[in-house]
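*Asks:* Numbering (the numbering used here), first residue to last: 3 to 436.
Attaching a single structure in structure tokens format; questions to follow.
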């Protein structure tokens with residue numbers, strides 16, 4: 003093949019292998035000045051640019067004349083060139099003992115210098131090199147006779163290289179040199195494993211300590227809650243057994259005194275007033291005892307008490323109390339503050355029905371679904387205009403504030419002549435979240 007760089011020679015199967023994708027590049031042999039070419043520039047301005055004579059010679063047209071030669075007189079060099087690793091330099095110092103090369107972790111560079119002995123066109127000798135453990139594959143062939151690597155990570159490596167002669171015949175066995183970069187103590191497996199183990203132990207210790215602190219705090223809260231429940235139980239028992247009994251006895255004795263014929267009519271009236279006040283105090287005390295008693299801090303106890311209270315509240319009145327109560331409410335613990343707020347809201351609503359509604363019937367509906375308690379109080383009374391309710395009735399304002407403080411949703415529906423409907427909706431949080 004005539005070209006601008008002289009005459010080149012290759013095999014047909016080399017070209018076909020490149021065209022088929024089986025090889026990246028073909029082995030091409032170039033002939034230049036060292037082989038006798040006076041001019042490397044082959045020309046194709048005139049025809050024929052190259053021809054074959056009957057004697058088997060090839061003739062190429064160049065810019066300075068015709069080159070004629072017999073291809074049979076240029077035999078192929080089938081012997082690969084002997085190769086040798088001339089020197090190994092580490093940070094500018096040559097290593098003489100290549101049996102066991104161990105480099106420190108903080109070395110800067112390692113350099114390999116190698117050569118191939120060829121007396122026939124040595125400029126056409128090509129080299130391939132690879133550093134196993136660092137290079138994924140052989141590096142592309144070139145004429146470079148040295149390789150340099152900087153700051154290799156700790157590990158074991160093998161440097162190898164091979165060469166081909168001017169006719170593309172490669173060395174069968176590459177030259178190899180093994181060496182190792184010794185890791186620092188913090189780069190060793192045992193150090194990293196130790197750090198991981200220590201970190202794991204530290205994290206586990208912190209988690210355990212946090213869990214222990216959390217558990218101690220929880221136990222402290224439970225102990226405080228238990229002490230508080232004991233104190234509430236004692237207070238409710240003392241109120242019921244002592245103060246309640248005394249008020250009941252006082253009401254009974256004033257009733258007996260009023261029935262005697264001795265006192266005047268005015269005195270009897272005062273005694274009856276004292277008796278009513280004492281019984282009212284007993285009723286208030288009973289409510290207080292119920293709210294204080296920790297044994298009643300459950301949803302079923304609340305629903306049962308509300309139903310009983312509403313029935314007794316309207317028992318001596320002209321208002322009929324109708325009830326729709328869920329039969330089997332879930333056994334959920336109820337915080338004392340929420341239980342107290344619900345009872346006071348229901349009590350205020352029932353008291354408003356009795357004082358202001360002029361109703362003949364009142365409905366108490368209680369439903370519990372999951373952790374949601376819904377209470378509806380509805381009457382068939384005179385009702386009122388909602389637009390003026392906030393200005394004229396402080397009781398409704400207080401109910402809204404109490405419900406908002408306790409986290410209870412409060413809704414009021416009323417209109418003149420259409421009665422009043424109040425809805426309370428309370429969510430019961432999980433005891434673990436409180």
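All C-beta atoms in this analysis are idealised placements derived from N, C-alpha and C, irrespective of residue type, glycine included.
Suppose the cutoff is 7 Å on Cβ atoms and the five residues either side in sequence are ignored; what does the same chain contact list for residue 315 look like?
*Replies:* Answer for residue 315: 352, listed in chain order.
*Asks:* Quickly, what does DSSP pair residue 415 with across the bridge? List them, please.
*Replies:* According to DSSP, which records beta bridges pairwise, residue 415 is partnered with 423.
*Asks:* For residue 129, name the three-state secondary structure that DSSP assigns.
*Replies:* Looking at residue 129 - three-state DSSP - the assignment turns out to be strand.
*Asks:* DSSP three-state label for residue 226, please.
*Replies:* Helix.
*Asks:* For the stretch 135–142 against the stretch 184–204, are there 3 or more C-beta pairs whose distance is under 8 Å?
*Replies:* These segments do not touch.
*Asks:* Where residue 159 and residue 32 are concerned, what is the direct C-alpha to C-alpha distance, given to the nearest angstrom?
*Replies:* Using only the alpha carbons, I get a separation of about 36 Å.
*Asks:* Would you check if the stretch 163–170 and the stretch 75–90 touch, i.e. whether three or more CB-CB distances between them fall below 8 Å?
*Replies:* Yes: the two stretches touch, three or more of their Cβ pairs being nearer than 8 Å.
*Asks:* Of all the beta strand (DSSP E) runs that stay within the bounds of the stretch 65–145, which reach a length of 3 or more residues?
*Replies:* Counting whole runs of 3 or more residues, the stretch 65–145 contains the beta strand (DSSP E) stretches 67–71, 85–92, 103–105, 111–118, 128–134.
*Asks:* Just to confirm, is the Cβ distance from residue 183 to residue 105 under 8 Å?
*Replies:* Taking 8 Å as the Cβ cut-off, residue 183 and residue 105 qualify as a contacting pair.
*Asks:* Within its chain, find whatever has a CB closer than 8 Å to the CB of residue 51; leave out the 5 residues flanking it on each side and keep chain order.
*Replies:* Answer for residue 51: 4, 44, 45, 62, 63, listed in chain order.
*Asks:* Counting pairs of Cβ atoms below 8 Å between the stretch 144–156 and the stretch 108–116, do you hit three or more?
*Replies:* Verdict: yes, contact present.
*Asks:* Hey, quick one: how far does the alpha helix (DSSP H) through residue 348 stretch, first residue to last?
*Replies:* First-last of the alpha helix (DSSP H) with residue 348: 338–358.
*Asks:* In the structure shown, what three-state DSSP assignment does residue 56 receive?
*Replies:* Of the three classes helix, strand and coil, the one that applies to residue 56 here is coil, per DSSP.
*Asks:* Can you tell which of 66, 65, 70 has the C-alpha that lies nearest to the C-alpha of residue 57?
*Replies:* Taking only the C-alpha atoms, the option nearest residue 57 is 70.
*Asks:* Is residue 436 helix, strand or coil when you go by DSSP?
*Replies:* Because the pLDDT at residue 436 is just 48, under 50, the model does not fix this residue reliably, and the value given afterwards should be weighed accordingly. It is coil, neither helix nor strand.
*Asks:* Can you check which of these residues, 272, 67, 53, is closest to residue 73 by C-alpha distance?
*Replies:* Closest option to residue 73, Cα to Cα, is 53.
*Asks:* Going by C-alpha distance, which of 37, 103, 98, 22 is nearest residue 75?
*Replies:* Residue 37 is the option with its Cα nearest to residue 75.
*Asks:* What did DSSP end up calling residue 12 once you bin it into helix, strand or coil?
*Replies:* DSSP places residue 12 in coil when its eight states are reduced to three.
*Asks:* With a threshold of 16 other CB atoms inside 10 Å of the CB of residue 311, please say whether the residue is buried or exposed.
*Replies:* That one is buried.
*Asks:* Are there three or more Cβ pairs, one per stretch, closer than 8 Å when the stretch 378–386 is compared with the stretch 415–433?
*Replies:* Segments in contact, yes.
*Asks:* Just grab the DSSP bridge partners of residue 384 for me.
*Replies:* Answer by DSSP bridge pairing: none, since residue 384 is not bridged.
*Asks:* Give me whichever residues DSSP pairs with residue 454 in a beta bridge.
*Replies:* This structure cannot settle anything about residue 454, because the visible part of the chain is limited to 3 through 436.
*Asks:* Tell whether a beta-carbon distance below 8 Å holds between residue 426 and residue 304.
*Replies:* No.
*Asks:* List the DSSP bridge partners of residue 172.
*Replies:* Paired residue(s): 166.
*Asks:* Quick test of the definition: if touching needs 3 or more C-beta pairs under 8 Å, does the stretch 327–342 touch the stretch 365–372?
*Replies:* Touching, yes, given that three or more Cβ pairs across the two stretches are closer than 8 Å.
*Asks:* Classify residue 38 as helix, strand or coil using the three-state DSSP reduction.
*Replies:* Here residue 38 sits in coil by DSSP.
*Asks:* Taking 7 Å as the cut-off, is the beta-carbon of residue 70 closer than that to any non-hydrogen atom of the ligand MN?
*Replies:* With respect to the ligand MN, the structure shown offers nothing to examine, as it has no ligands at all.
*Asks:* Starting from residue 179 and walking both ways along the beta strand (DSSP E), at which residues does that stretch end?
*Replies:* Note, residue 179: beta strand (DSSP E), 177–183.
*Asks:* For residue 6 and residue 41, what's the separation of their Cα atoms in angstroms?
*Replies:* Roughly 10 Å separates the two Cα atoms.
*Asks:* Excluding the 5 residues preceding and the 5 following residue 414 in the sequence, name in chain order all residues of the same chain whose CB lies nearer than 6 Å to its CB.
*Replies:* Once the five neighbours on either side are set aside, the close Cβ partners of residue 414 are 424.
*Asks:* For residue 438, which of helix, strand or coil comes out of DSSP?
*Replies:* Nothing can be reported for residue 438: it is not among the residues displayed for the chain, which extend from 3 to 436.
*Asks:* Which partner residues of residue 365 appear in the DSSP bridge assignment?
*Replies:* According to DSSP, residue 365 bridges with 324, 380.
*Asks:* Between residue 59 and the rest of its own chain, which residues show a CB-CB distance below 6 Å, the 5 nearest in sequence each way excluded?
*Replies:* Answer for residue 59: 70, 72, listed in chain order.
*Asks:* What span of residues does the alpha helix (DSSP H) with residue 312 cover, start to end?
*Replies:* Where residue 312 is concerned, the enclosing alpha helix (DSSP H) stretches over 301–315.
*Asks:* So is residue 132 buried or exposed if we call it buried at 16+ other beta carbons inside 10 Å?
*Replies:* Buried, because 16 or more other Cβ atoms sit within 10 Å of the Cβ of residue 132.
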